[in-house]
Amino acid sequence: MKQVDVLIVGQGIAGTFLSFELMEAGFSVMVIDNQQGGSASRVASGVINPVTGRRVVETWKIGALLPLALDSYNRIALRLQMPPVARAVEILSVHGSEQMRDAFNKRMEAGSAYIREINVDKPGRFFNHPYGASVITPALLIDIKGLLDRYRLYLQSKQCLMACQMDWSALQLDQDRLQQYGAVSYPYGAAPEEKIQAKWIIAADGWQAGSNPYFKQLAFRYNKGEALIVDIAGLSREYIYKLRYSVVPWEGDTMTASKNLFWVGSTYQWTFEHDQPSDAFKENVLEFLDKELLLPYSVEDHLAAVRPASINRRPFAGFHEDYPQLGVLNGLGTKGCSLAPYLALGWRDLLTLGKDFDPELSLDADRH
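Under the UniProt record's numbering, think of the first position of the sequence shown as 1, with each following residue one higher.
Given below as structure tokens:
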């Protein structure tokens, strides 16, 4: 019989930071994850953008999230003994029309800590756009795939990873043993009698929450995103380029070290038949690159995944109303890189201090 404090389902960016912060606080954990190559975290660009939308408004809690995220990524990289995985970067938001340029100018006039105008010629070196651009700064770019791969090895070295699919039907919850080992029991090993016991189980299982019988009733709003990985000779990696599609520096592997790779995406497909790459997306991006990019390029890969967002655009964090040993961390949408470190610390504070999450993140009936 193996005993841990917390059993965590999922090792995307949410499960990674959740397990990291809990272990740093002295909790014993076990992570269950089957390493789906198309998980939203592994397909994400890794950008933390402080502004959002056509109205160019600041993202939720960004003033607190940016410095916290940078500190968290620095700490986890230090723990993993790897180079920094987060770097400050400027987003070159290339205006596609006079209306877009005017929207940025109005936001600047109203006062924004994150927007400033730049020389109109700067995007012109790389892109076919006559309306200039604005710089969004500071922003962060995360090597999220490198982090997840390295952290998985770390979990394996600590014998804290079960590399398998979660079977919720095999989970046993004991209401009489709350906050004790055995409040949660799950198969561990080949023999039927072998179990792992925990005080709590927290589901950070992304869009697989749809098959989670305890949390599938939450008001998730799944959407599919896609991206092409493109080798663009001569394009500066100094910026993230935001046009109709974002063009983001991408860290490859040893096989692609000589290439100047960029992540080009993404879309929000609210209705989709599968989670695989689509020909329609690829055709649209190639048309965009042929029209807008002034440099030669070649396509190296095509990625796709489904994001677990929520209807009110706020993540889900907290305990189940009927099963107090069962928690959730999900619904981060496109903000996983900024929200995961913040919410992981929230879970740490809840389990150590009894400090509740922000009411906006509650699991109340109005979010079902």
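Glycine residues also receive a C-beta, built at the ideal position from the N, C-alpha and C atoms. Bear in mind that the values here come from a model prediction, so they are computed numbers and not experimental data.
Residues bridged to Val4 (per DSSP): The partner list for Val4 (beta bridge, DSSP) reads Ala198.
Burial state of Lys335, where buried means 16 or more other Cβ atoms lie within 10 Å: buried
Segment contact flag, the segment 133-142 with the segment 103-118, C-beta cutoff 8 Å, min 3 pairs: Three or more Cβ pairs drawn from the segment 133-142 and the segment 103-118 lie within less than 8 Å of each other, which places the two stretches in contact.
Inter-residue Cα distance where the pair is Ala203 and Asp290: 42 Å
Distance, Leu218 Cα to Glu251 Cα: Answer to the nearest angstrom: the Cα atoms are 35 Å apart.
According to DSSP, residues forming a beta bridge with Ala86: Ile142
The alpha helix (DSSP H) enclosing Phe17, as first and last residue numbers: 13-24
Start and end residues, alpha helix (DSSP H) containing Leu289: 279-292
Check: Cys164 C-beta below 8 Å from any heavy atom of the ligand FAD: Of ligands this structure carries none, so the ligand FAD is not represented either.
Cα-Cα separation, Gln276 to Ile13: 21 Å
Under the three-state DSSP convention, the category Phe319 falls into: strand
Residues of its chain near Ala365, where Cβ-Cβ distance is below 7 Å and the 5 sequence neighbours each way are ignored: Here the model assigns Ala365 a pLDDT of 49, short of 50, so the residue's position is not dependable, and the following value carries that caveat. Nothing meets the Cβ criterion.
Cβ-based burial, Val6 [other Cβ within 10 Å; buried from 16]: buried
Residue from Lys2, Val9, Gly96 with nearest C-alpha to Ala163: Val9
Top-ranked residue by Cα proximity to Arg125, from Arg177, Leu295, Met1: Leu295
Cα-Cα separation, residue 374 to Leu153: The shown model of the chain, from 1 to 368, leaves out residue 374, and the question about it has no answer.
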